[in-house]
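Numbered per full-length UniProt numbering, the sequence shown spans residues 1 to 954. Ideal Cβ placement from N, Cα and C applies to all residues, glycine included. Encoded as structure tokens, the structure appears first; notes follow it.
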Amino acid sequence: MASDKFVMRHIGPRDHEIQEMLNVLGVSTLDELMNQTVPENIRLKQPLKLEDGLTERQYFRKILALAAQNKVYNTYIGMGYYDTITPAVILRNVLENPVWYTSYTPYQAEISQGRLEALLNFQTMVCELTGMEMANASLLDEATAAAEAMVMMHNSRSRAKAKTDANVVWVDEKVWPQTLDVLITRANPLGIELKIADWKNFELNENTFGVIVQYPNSDGQIVDYTSLVKSAHEKEIFVSVAADLLSLSILTPPGEWGADIVFGTSQRFGIPMGYGGPHAAFFASKDAFKRTMPGRIIGVSKDAHGNRALRMALQTREQHIKREKATSNICTSQALLSNMAGFYAVYHGPEGIKQIATRIHCIAALLEKEISALGYTQVNTTYFDTIRFALPRHVKHEDIEWLSLELEMNFRYFENGEVGLSIDETTNLDDINWMIEVFAKAANKPFGKIVDYPTACTIQPEFLRTSAFMQQEVFNKYRSETEMLRYIKKLEHKDISLTHSMIPLGSCTMKLNAATEMLPLSWIEFNGIHPFVPKNQARGYHEMMEELRRDLAEITGFADVSLQPNSGAAGEYAGLMVIRQYHISRGDEHRNVVLIPSSAHGTNPASAVMAGMKVVVTPCDERGNIDVEALRLKAEEFKDTLSCFMVTYPSTHGVYESSITELCEIIHSHGGQVYMDGANMNAQVGLTNPSRIGADVCHLNLHKTFAIPHGGGGPGVGPICVAAHLVEFLPSHPVMNNGHVGITAVSAAPWGSASVLPITYGYIKMLGADGLKRASEIAILNANYIANALKDNYGVLYTGENGRCAHEMILECRHLKAASGISETDISKRLMDYGFHAPTLSFPVHGTLMVEPTESESKQELDRFIEALTGIFNEIQAVASGELDKEDNPLKNAPHTSDVVTADDWNHSYSRQTAVFPLAWLKENKYWPPVGRVDDAFGDRNLVCTCEPIENYK
Numbered sequence: 001m002a003s004d005k006f007v008m009r010h011i012g013p014r015d016h017e018i019q020e021m022l023n024v025l026g027v028s029t030l031d032e033l034m035n036q037t038v039p040e041n042i043r044l045k046q047p048l049k050l051e052d053g054l055t056e057r058q059y060f061r062k063i064l065a066l067a068a069q070n071k072v073y074n075t076y077i078g079m080g081y082y083d084t085i086t087p088a089v090i091l092r093n094v095l096e097n098p099v100w101y102t103s104y105t106p107y108q109a110e111i112s113q114g115r116l117e118a119l120l121n122f123q124t125m126v127c128e129l130t131g132m133e134m135a136n137a138s139l140l141d142e143a144t145a146a147a148e149a150m151v152m153m154h155n156s157r158s159r160a161k162a163k164t165d166a167n168v169v170w171v172d173e174k175v176w177p178q179t180l181d182v183l184i185t186r187a188n189p190l191g192i193e194l195k196i197a198d199w200k201n202f203e204l205n206e207n208t209f210g211v212i213v214q215y216p217n218s219d220g221q222i223v224d225y226t227s228l229v230k231s232a233h234e235k236e237i238f239v240s241v242a243a244d245l246l247s248l249s250i251l252t253p254p255g256e257w258g259a260d261i262v263f264g265t266s267q268r269f270g271i272p273m274g275y276g277g278p279h280a281a282f283f284a285s286k287d288a289f290k291r292t293m294p295g296r297i298i299g300v301s302k303d304a305h306g307n308r309a310l311r312m313a314l315q316t317r318e319q320h321i322k323r324e325k326a327t328s329n330i331c332t333s334q335a336l337l338s339n340m341a342g343f344y345a346v347y348h349g350p351e352g353i354k355q356i357a358t359r360i361h362c363i364a365a366l367l368e369k370e371i372s373a374l375g376y377t378q379v380n381t382t383y384f385d386t387i388r389f390a391l392p393r394h395v396k397h398e399d400i401e402w403l404s405l406e407l408e409m410n411f412r413y414f415e416n417g418e419v420g421l422s423i424d425e426t427t428n429l430d431d432i433n434w435m436i437e438v439f440a441k442a443a444n445k446p447f448g449k450i451v452d453y454p455t456a457c458t459i460q461p462e463f464l465r466t467s468a469f470m471q472q473e474v475f476n477k478y479r480s481e482t483e484m485l486r487y488i489k490k491l492e493h494k495d496i497s498l499t500h501s502m503i504p505l506g507s508c509t510m511k512l513n514a515a516t517e518m519l520p521l522s523w524i525e526f527n528g529i530h531p532f533v534p535k536n537q538a539r540g541y542h543e544m545m546e547e548l549r550r551d552l553a554e555i556t557g558f559a560d561v562s563l564q565p566n567s568g569a570a571g572e573y574a575g576l577m578v579i580r581q582y583h584i585s586r587g588d589e590h591r592n593v594v595l596i597p598s599s600a601h602g603t604n605p606a607s608a609v610m611a612g613m614k615v616v617v618t619p620c621d622e623r624g625n626i627d628v629e630a631l632r633l634k635a636e637e638f639k640d641t642l643s644c645f646m647v648t649y650p651s652t653h654g655v656y657e658s659s660i661t662e663l664c665e666i667i668h669s670h671g672g673q674v675y676m677d678g679a680n681m682n683a684q685v686g687l688t689n690p691s692r693i694g695a696d697v698c699h700l701n702l703h704k705t706f707a708i709p710h711g712g713g714g715p716g717v718g719p720i721c722v723a724a725h726l727v728e729f730l731p732s733h734p735v736m737n738n739g740h741v742g743i744t745a746v747s748a749a750p751w752g753s754a755s756v757l758p759i760t761y762g763y764i765k766m767l768g769a770d771g772l773k774r775a776s777e778i779a780i781l782n783a784n785y786i787a788n789a790l791k792d793n794y795g796v797l798y799t800g801e802n803g804r805c806a807h808e809m810i811l812e813c814r815h816l817k818a819a820s821g822i823s824e825t826d827i828s829k830r831l832m833d834y835g836f837h838a839p840t841l842s843f844p845v846h847g848t849l850m851v852e853p854t855e856s857e858s859k860q861e862l863d864r865f866i867e868a869l870t871g872i873f874n875e876i877q878a879v880a881s882g883e884l885d886k887e888d889n890p891l892k893n894a895p896h897t898s899d900v901v902t903a904d905d906w907n908h909s910y911s912r913q914t915a916v917f918p919l920a921w922l923k924e925n926k927y928w929p930p931v932g933r934v935d936d937a938f939g940d941r942n943l944v945c946t947c948e949p950i951e952n953y954k
């Protein structure tokens, strides 16, 4: 391939190294290896019909031309999306920094202390502003957070309520329309009755378990809900509040007037609008809900040496463990965005946040005064940032719309003809005068120019916040850019990311996130657009998204694609809901059984339960493959109620099962649909596809196969691809026509996390058909190269019929534990001393390590990883033989911190050199874990999830 092709930069091994690796495996060519690995009956007969791969320079020009088609107007639509100012120190050092965007979810706490602290800051900020006791580390968006609140209230009903099967939730009609739509989607399959009305007309009775209101509401009105809360609590009914987080710096927080749950979006805290996302939702509650709160909670604990250490608390709530008993399928959060929002709060502090909020309100108050003087009637009696005008008889809203567009401004237009303005952090004097000019010209009246910023607050005293917030040191220390930069870098140095070394996580595909793919994320033409502007202002976006949908349809072999789901778990759920609606449309609403192999990802059964389905687990055989005859029996048993079969391909065990087409045929012959989990698409692209194997729908993890970075636990994107007969059921949107008219929305934004889609678009355009296929081939080669090197020491648990694995493999560790007492956890922690992130731990098989090298890792890096695991194996053997003490050894004591090895006392039976420099090349680029092994049990017993001090630390 030409040296200027992007594939040469994306693929790790050089051509001569590829041949060396093939020779080690005993094959001559990649084609020979593919023939031994991928079953012939599912191989594509023709290459993908995609354009040839572009060079990086060619792609840069292409994406620049698309960006130029987007028009960035000043937008005052509001509705949960607002322009904001991302401090450059955060933009450059977090959003644009691969240490932050290429890191993985902080399951390995010892090498994630930096991002864990940033997430703890976010949780603390949320608790402080909402007045609540607990907060999680973010959810996907405000609408899905509302749905999580609804489900959590339902699952937390009192015994009396549960006994009577109270299933009614009342929702105020002044909640954002996109939130209402997602609530409808999520309530229906769970049997929750959603009643929408003016909150003053709620009928709270024994059948009601919860209420949901907006504060301020969708009109912008600040409402006193204290009487509602009192009445609800008297009847054992929970109250959830969708709140504007920025407004809570000057408004009385819901926690102070009795709310049980407070949620919303943190987008106003320095996160660009990005045509709808990604943005970090916040979710806070009373302490009583800590065991049922969805998502991830960062907690404070201590390490093996008694030092303060952070980690993910209460991890047993994760759906990977609870599976069909999970109360949520949330997997991806929005860690990168919540980190940014937390840093925004750190940089501005309580006084800065309050100043921004106050300025926004005062500008709104000035505009009310000036525009009302022109003959318009402002209908909100009390507001924070949003004013709503009824027009004089001689003024039409079309006149205002035309005049505003002439001045490159977008207003909100209500169905009754009224016009709304939502002020944001970026609004300046010129903007103020342009808005006044529009209303004056529409009314044919003169106007005077405003020359100074207003300072008058018009909010009634009873709504104003009197309590202090964000008094912790971290929010009152870093005001200069120099200090903020150093704080970000201090946290950065505590983490392992792809900038340090290979992250060999099976089923997570931590591949190159190319700089050229990432560049457009910072361009205002992509990140400065509100999702509800007229489509002609986002022509570049829509051209890109149409091309992306066509390319993904070609790659999967399906007819159409929805880009709306904003995580892999959301994609699973959306795909199942599409299948559900398909059956309903045919009069088969009784089809609600889903067959799921025992090897499946934990999100599969969790998503199925959320979609109102009954999970039936089918077994695997001794080789880890789905038991065909057992599946056939289950399909026959449930033939009258079978909805679908959920399958991951290649399997979760890292094997291409040759029986896959037979499995799909069994399901179809019994009236079911086949849902393919796209987690392992990195071993399919260009070689086979979901349609070829017989699936009807799949979701794609764009944050895995298609190069969107994991960001420390999000953003993720999980579009769903469907066969022709399912296209009519793809999710729609209540505000914008997104091209689909099927089920109600599954996320807040019409096209999901649109601003990160250029990454996948660039990945596909630069690799092209040949490059995409080569990426899959090298991913398989790299995995088999590692498996071949480690099979004798560790053992590869499952392989295909020819002894090959797919793009990942499971390393057996149970025999090592039996012989030495060294567990897979000990191996994972010891890898930190070698400078590596652990593979996937004890999934999908307990006591094992699942390794996926991806195509982006070079032969040198693979050899380094092999050498590290070989070194660890030799240490395990030394423990087994008695050469190393069974308790005092470098594995049980790992990871080793600089404090430990530089202490005056060294009381271990092995040397300091063995502890931290077990291989010579570590001295060139040593990563020092900031803490020793974290005590998870202590943290759960002493749960602290904010930046407060905790006892028992050194």
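query	result
L310 vs L120 beta-carbon contact at 7 Å	yes
Any 3 or more C-beta pairs closer than 8 Å across the stretch 112–130 and the stretch 282–290	yes
Euclidean distance between Cα positions of G53 and I778	17 Å
Pairwise C-alpha distance: V229 and W257	8 Å
Sub-7 Å separation of F122 and S338 beta-carbons	yes
Minimum C-alpha distance to E883 - residue among A442, W199, K892, Y910	Y910
Closest residue to T37 among L943, G803, N893, T358 (Cα-Cα distance)	G803
Continuous alpha helix (DSSP H) stretch holding R814: start and end	814–820
Residue range of the alpha helix (DSSP H) that includes Y487	481–492
Cβ pair F209, A242 closer than 7 Å	no
Given V593 as reference, the closest of A611, G587, G602, S599 once Cα atoms are compared	A611
Endpoints, the alpha helix (DSSP H) within which E629 is located	628–637
Cut-off 7 Å between Cβ atoms - residues of its own chain near V24, not counting five sequence neighbours on either side	Y785, N788
Cβ neighbours of D905 in the same chain (closer than 7 Å, five flanking residues each side left out)	none
Cβ shell of G742 (< 7 Å), same chain only, five flanking positions each side left out	V578, Q581, E728, F729, L730, P731, S732
Chain B within 7 Å of P895, Cβ atoms only	In summary, chain B is missing from the structure at hand, where a single protein chain is found.
P918 beta carbon less than 7 Å from that of P895	no
Cβ-based neighbour list, E801, same chain, cut-off 7 Å, excluding 5 preceding and 5 following	S658
Coarse secondary structure for N23, derived from DSSP in three states	helix
Beta-carbon spacing of D181, P734 below 7 Å	yes
C-beta atoms of H699 and E547 nearer than 7 Å	no
Spatially closest choice to residue 971 from T105, E193, L248, A695, by CA coordinates	Given that the chain is displayed from residue 1 to residue 954, the structure contains no residue 971 and the question cannot be resolved.
At least three beta-carbon pairs within less than 8 Å, the stretch 660–674 to the stretch 817–835	no
Three-state secondary structure assigned by DSSP to V879	helix
Cutoff 7 Å; reference T358; Cβ partners in own chain excluding five residues on either side	I250, C457
Rounded C-alpha distance that separates D198 from P177	14 Å
Buried or exposed (CB count within 10 angstroms, at least 16 for buried), Y453	exposed
Q460 classed as buried or exposed, judged by whether at least 16 other C-beta atoms fall within 10 angstroms	exposed
Contacts around I503, its chain only, beta-carbon distance under 7 Å, and the 5 residues preceding and following it disregarded	Y104, M510, H837
Residues near N925 by beta carbon distance below 6 Å, same chain, minus five either side	none
Proximity winner among V239, T179, T185, N41, relative to S218 (alpha-carbon distances)	T179
Cβ pair count under 8 Å reaching 3, the stretch 221–239 against the stretch 426–445	no
Where S898 sits in the DSSP three-state scheme	helix
D15 versus D31 - alpha carbon distance	14 Å
Those runs of the beta strand (DSSP E) which lie wholly inside the stretch 507–549 and span at least 3 residues	none
Exposure label - C947; buried when at least 16 CB within 10 Å	buried
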